[in-house]
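Visitor: Sharing a structure below in structure tokens format, with a few things to ask.
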Amino acid sequence: KIIVMDFGGQYNQLIARRVRECNVYCEIYSYKRDIEEIKAMNPKGIILTGGPSSAYEADSPTYTKELFELGIPVLGICYGSQLMMHLLGGHVCKAPVREYGKIEVTVDQSSKLFSDVSEKTVCWMSHNDYIESAAQGFVVTAHTPDCPVAAAEMPEKGLYALQFHPEVLHTAEGTKMLSNFVYNVCGCKGDWRMDSFVETSIEAIRAKVGSGRVLCALSGGVDSSVAAVMLSKAIGSQLTCVFVDHGLLRKNEGDEVEEVFGPSGPYDLNFIRVNAQQRFYEKLAGVTEPEKKRKIIGEEFIRVFEEEAKKIGSVDFLVQGTIYPDVVESGVGGESAVIKSHHNVGGLPDYVDFKEIIEPLRDLFKDEVRKAGLELGIPEHLVFRQPFPGPGLGIRIIGEVTAEKVKIVQDADAIYREEIAAAGIARDIGQYFAALTNMRSVGVMGDERTYDYAIALRAVNTIDFMTAEAAQIPWEVLGKVTSRIVNEVAHVNRVLYDCTSKPPGTIEFE
Ligand code: XMP
Numbered sequence: 005k006i007i008v009m010d011f012g013g014q015y016n017q018l019i020a021r022r023v024r025e026c027n028v029y030c031e032i033y034s035y036k037r038d039i040e041e042i043k044a045m046n047p048k049g050i051i052l053t054g055g056p057s058s059a060y061e062a063d064s065p066t067y068t069k070e071l072f073e074l075g076i077p078v079l080g081i082c083y084g085s086q087l088m089m090h091l092l093g094g095h096v097c098k099a100p101v102r103e104y105g106k107i108e109v110t111v112d113q114s115s116k117l118f119s120d121v122s123e124k125t126v127c128w129m130s131h132n133d134y135i136e137s138a139a140q141g142f143v144v145t146a147h148t149p150d151c152p153v154a155a156a157e158m159p160e161k162g163l164y165a166l167q168f169h170p171e172v173l174h175t176a177e178g179t180k181m182l183s184n185f186v187y188n189v190c191g192c193k194g195d196w197r198m199d200s201f202v203e204t205s206i207e208a209i210r211a212k213v214g215s216g217r218v219l220c221a222l223s224g225g226v227d228s229s230v231a232a233v234m235l236s237k238a239i240g241s242q243l244t245c246v247f248v249d250h251g252l253l254r255k256n257e258g259d260e261v262e263e264v265f266g267p268s269g270p271y272d273l274n275f276i277r278v279n280a281q282q283r284f285y286e287k288l289a290g291v292t293e294p295e296k297k298r299k300i301i302g303e304e305f306i307r308v309f310e311e312e313a314k315k316i317g318s319v320d321f322l323v324q325g326t327i328y329p330d331v332v333e334s335g336v337g338g339e340s341a342v343i344k345s346h347h348n349v350g351g352l353p354d355y356v357d358f359k360e361i362i363e364p365l366r367d368l369f370k371d372e373v374r375k376a377g378l379e380l381g382i383p384e385h386l387v388f389r390q391p392f393p394g395p396g397l398g399i400r401i402i403g404e405v406t407a408e409k410v411k412i413v414q415d416a417d418a419i420y421r422e423e424i425a426a427a428g429i430a431r432d433i434g435q436y437f438a439a440l441t442n443m444r445s446v447g448v449m450g451d452e453r454t455y456d457y458a459i460a461l462r463a464v465n466t467i468d469f470m471t472a473e474a475a476q477i478p479w480e481v482l483g484k485v486t487s488r489i490v491n492e493v494a495h496v497n498r499v500l501y502d503c504t505s506k507p508p509g510t511i512e513f514e
């Protein structure tokens, strides 16, 4: 396996993901991990990540120089490359010209890392410091007009340094460079598959849980379904799945979830459905601030679980289907700022009544979760379900949530989904849904003045839900959806299409 040592960079999970895409197993550890532990894991290669600090400052994250003497190949990326040079006697300082964004890098020397990479290649840079001169024994293999050492290496020791970020897709040939590192430098075979992830996770869950009792939060969405089925394979009847119908689900969704995961479905999950609609509506009455709504929904969720857990008897673990983008955006994943408190992550109250939380999908991106789902034998129509956020329609109703508004957005959304399916374009769109804006406007219907709500339609294409762009839905489809919504859904007289990408928007409205 490859070990990624985390120095606080923004793209660390992307590095791990790219390595996994090479079919090589990869784990991330903090730079605080002791070298003895790292040695004991016997990795085939180590990647040092980027990070916000300056390698030459006294209190910056650092590591023992011994790392470079283990005979294990090391690739330093950005901060990682600067740290490598700093520790080995090169000179790192504030760069006179700070490089940010796509920069053309010139490859000066042939290198195992640059095998099949063009001589001039566009790379993603993001740094304030730079390597002014490489450490003794290193050969400089690439430069840019403002960066004398864009890449350097000491191949006989397996040490490689890259100032730019090969893990980011803006680095045109970055994937090639990383695969060169794992195959050509580290000698990995590339025989790891998602089924190994599933197997390893199942083993790890068994070891952790022992004979404990586990309660799983099942929402029926892709993430929690994959987590639940994984848990059920690991520990069978020690698992109980609780499905909370918080009254913020899509139209008929509560019943559909019960059909698939309930006692009459193919899984043995000790499925319990809790109808808690009224409770949630009461808590949400009068609340308009998005973060507050998210927190209320998250907390109420946990309260309902606690109550169920008490009924079941003692419960040791709580399972959640948190995936990586949820972790980053809630600001728990390293240095990144809080964008939204994702349900079940940042929204988790401190006084939860369980011994521990198990999050088997915490390191995966959505498409990887789907692959894991297929490996687990979950049917395709469930695995390729649209993502649906934990707080549900609560964050698709801008402003105050009421039962009446839930009904409006449910009906509009059902029409939208029906028409997308009828047009045969469902699989081409990453995520699409209707939201209820807080705007009312004047219309005319049957010669009468109306003063009603506007529905916003959202559809985005995305690979990993970290960035997204508005999908180009055929005008005829939008037209049909619009006329059906204003005709069939009471209190809606206008339909708008959201053209915003992420960033600057987010996928959901709140
Ligand atoms: P945003 O709106 O943050 O959405 O661009 C990115 C993806 O995450 C989903 N999402 C959530 N999923 N709990 C979840 O499980 C949440 O609180 C949550 N908020 C957003 C969203 O639907 C999209 O797929």
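The sequence shown lines up with residues 5 to 514 when you count with the UniProt record's numbering.
For each residue, glycine too, the CB sits at the ideal point set by N, CA and C.
#1: I want to check one thing, is the minimum distance from the CB of residue 391 to the heavy atoms of the ligand XMP below 7 Å?
#2: When the Cα of residue 122 is compared with those of 132, 474, 234 and 176, which residue comes out closest?
#3: Do residue 76 and residue 162 have their C-beta atoms closer together than 8 Å?
#4: Rounding to the nearest angstrom, what Cα-Cα distance links residue 234 and residue 29 in this structure?
#5: Can you give me the Cβ contacts of residue 515 inside the same chain, cut-off strictly under 6 Å, excluding the 5 residues immediately before and after it?
#6: With DSSP as the reference, label residue 169 as helix, strand or coil.
#7: For residue 318, which residues does DSSP report across the bridge?
#8: Which complete beta strand (DSSP E) runs does the stretch 273–330 hold, if anything under 3 residues is left out?
#9: So who's on the other strand from residue 455, going by DSSP bridges?
#10: Can residue 14 be considered in contact with the ligand XMP, in the sense that its beta carbon sits closer than 7 Å to one or more heavy atoms?
#11: Since residue 81 sits in a beta bridge, which residues does DSSP pair it with?
#12: Report the residue from 415, 150 and 208 whose alpha carbon sits nearest the alpha carbon of residue 363.
#13: Can you tell me whether DSSP reads residue 94 as helix, strand or coil?
#14: What span of residues does the alpha helix (DSSP H) with residue 487 cover, start to end?
#15: For residue 212, write down the residues that DSSP places opposite it in a beta bridge.
#16: Rank 484, 258, 156 and 503 by C-alpha distance to the C-alpha of residue 118 and give the top, closest one.
#17: DSSP three-state label for residue 466, please.
#18: Give the straight-line distance between the Cα atoms of residue 46 and residue 502, rounded to the nearest whole angstrom.
#19: Once DSSP output is grouped into helix, strand and coil, what is the label at residue 264?
#20: How long is the line joining the alpha carbons of residue 154 and residue 112, rounded to whole angstroms?
#21: Would you say the beta carbon of residue 511 comes nearer than 7 Å to a heavy atom of the ligand XMP?
#22: Between 480, 14, 51 and 303, which has its C-alpha nearest residue 129's C-alpha?
#23: Going by beta-carbon coordinates alone, are residue 55 and residue 11 separated by less than 8 Å?
#24: Just to confirm, is the Cβ distance from residue 26 to residue 183 under 8 Å?
#25: What's the call for residue 148, buried or exposed, on a 16-neighbour Cβ count within 10 Å?
#26: Pop quiz: residue 436 and residue 463 are said to be a contact at Cβ under 8 Å. What is the actual Cβ separation, rounded to whole angstroms?
#27: Determine, using beta carbons only, whether residue 227 and residue 306 come nearer to each other than 8 Å.
#28: What residue from 390, 19, 17 and 35 has the CA that sits closest to residue 9's CA?
#29: In three-state terms, what does DSSP make of residue 243?
#30: Would you report the Cα separation of residue 217 and residue 314, rounded to the nearest angstrom?
#31: Identify every residue that forms a DSSP beta bridge with residue 34.
#32: Can you say whether residue 19 is buried or exposed, counting buried as having 16 or more other CB atoms within 10 angstroms of its CB?
#33: Per DSSP, what kind of secondary structure is residue 228 in: helix, strand or coil?
#34: Could you tell me which residues DSSP pairs with residue 151 in its beta bridges?
#35: Strictly by DSSP, which residues pair up with residue 249?
Guide: For this structure:
#1: Working through the sequence shown from its first residue, we reach residue 391 at position 387. True, at least one ligand heavy atom lies under 7 Å from that Cβ.
#2: What you label residue 122 is simply residue 118 of the sequence shown in a count that begins at 1. Checked all of 132, 474, 234 and 176; the closest Cα to residue 122 is 176.
#3: As a working note, residue 76 is residue 72 in the sequence shown. As a working note, residue 162 is residue 158 in the sequence shown. Cβ distance < 8 Å, so residue 76 and residue 162 count as in contact.
#4: Residue 234 sits at position 230 when you count from the first residue of the sequence shown. Residue 29 sits at position 25 when you count from the first residue of the sequence shown. Going by the C-alpha atoms only, they are around 19 Å apart.
#5: In this structure the chain extends from 5 to 514, so residue 515 is not present and cannot be described.
#6: On the sequence shown, position 165 is the one that residue 169 refers to. In this structure, residue 169 counts as coil in the three-state DSSP scheme.
#7: Here residue 318 refers to the residue found at position 314 of the sequence shown. The partner list for residue 318 (beta bridge, DSSP) is empty, contrary to what the question assumes.
#8: 275–279 and 321–323
#9: Residue 455 sits at position 451 when you count from the first residue of the sequence shown. Bridge partners of residue 455: 446.
#10: Here the question's residue 14 lines up with position 10 in the sequence shown. Relative to the ligand XMP, even the nearest heavy atom lies 7 Å or more away from the CB of residue 14.
#11: Numbered from 1 along the sequence shown, position 77 holds the residue referred to as residue 81. DSSP, once it has assigned bridges, lists 166 as partnering residue 81.
#12: Your numbering for residue 363 matches position 359 in the sequence shown. Among 415, 150 and 208, the Cα nearest to that of residue 363 belongs to 208.
#13: As a position in the sequence shown, residue 94 is number 90, starting the count at 1. Note: residue 94 maps to coil in three-state DSSP.
#14: Reading the sequence shown from its first residue, position 483 is the one you call residue 487. Residues 479–492.
#15: Within the sequence shown, residue 212 is the residue found at index 208, counting from 1. For residue 212, which the question treats as bridged, DSSP gives no partner whatsoever.
#16: Locating residue 118 in the sequence shown gives position 114, where the first residue counts as 1. Closest by alpha carbon: 156.
#17: Counted from its first residue, the sequence shown places residue 466 at position 462. Coil at residue 466, not helix or strand.
#18: By 1-based counting over the sequence shown, the position of residue 46 is 42. By 1-based counting over the sequence shown, the position of residue 502 is 498. So the alpha carbons of these two residues sit roughly 50 Å apart.
#19: Position 260 of the sequence shown, counted from the first residue, corresponds to residue 264. Residue 264: helix per DSSP, three-state reduction.
#20: As a position in the sequence shown, residue 154 is number 150, starting the count at 1. As a position in the sequence shown, residue 112 is number 108, starting the count at 1. In a straight line, the C-alpha of residue 154 is about 10 Å away from that of residue 112.
#21: Indexing the sequence shown from 1 puts residue 511 at position 507. Residue 511 Cβ: within cutoff of the ligand XMP.
#22: Reading the sequence shown from its first residue, position 125 is the one you call residue 129. Checked all of 480, 14, 51 and 303; the closest Cα to residue 129 is 14.
#23: Residue mapping note: residue 55 aligns to position 51 of the sequence shown, counting from 1. Residue mapping note: residue 11 aligns to position 7 of the sequence shown, counting from 1. Their beta carbons are under 8 Å apart, which means residue 55 touches residue 11 by this criterion.
#24: Here residue 26 refers to the residue found at position 22 when the sequence shown is read from its first residue. Here residue 183 refers to the residue found at position 179 when the sequence shown is read from its first residue. For residue 26 and residue 183, yes; Cβs fall inside 8 Å.
#25: Position 144 of the sequence shown, counting from 1, holds the residue named residue 148. By the neighbour-count rule (16 or more Cβ atoms within 10 Å), residue 148 is buried.
#26: Here residue 436 refers to the residue found at position 432 when the sequence shown is read from its first residue. Here residue 463 refers to the residue found at position 459 when the sequence shown is read from its first residue. The pair is a contact, with the Cβ atoms about 4 Å apart (cut-off 8 Å).
#27: Here residue 227 refers to the residue found at position 223 when the sequence shown is read from its first residue. Here residue 306 refers to the residue found at position 302 when the sequence shown is read from its first residue. Not in contact: residue 227 and residue 306 (Cβ atoms no closer than 8 Å).
#28: Sequence index remark: in the sequence shown, residue 9 carries index 5 (1-based). Here the closest residue by C-alpha is 35.
#29: Stepping through the sequence shown from its first residue, residue 243 is reached at position 239. In the structure shown, residue 243 sits in a strand (DSSP, three-state: E or B).
#30: Residue mapping note: residue 217 aligns to position 213 of the sequence shown, counting from 1. Residue mapping note: residue 314 aligns to position 310 of the sequence shown, counting from 1. Their backbone Cα atoms lie some 12 Å apart in a straight line.
#31: For this step, residue 34 is matched to residue 30 along the sequence shown. Answer is 10.
#32: The residue you call residue 19 lines up with position 15 of the sequence shown. Around the beta carbon of residue 19, 16 or more other beta carbons lie within 10 angstroms, which makes this residue buried.
#33: If you number the sequence shown from 1, residue 228 lands on position 224. Note: residue 228 maps to helix in three-state DSSP.
#34: Residue numbering aside, residue 151 sits at position 147 when the sequence shown is read from its first letter. 148.
#35: The sequence position of residue 249 within the sequence shown is 245, counting from 1. Its beta-bridge partners are 279.
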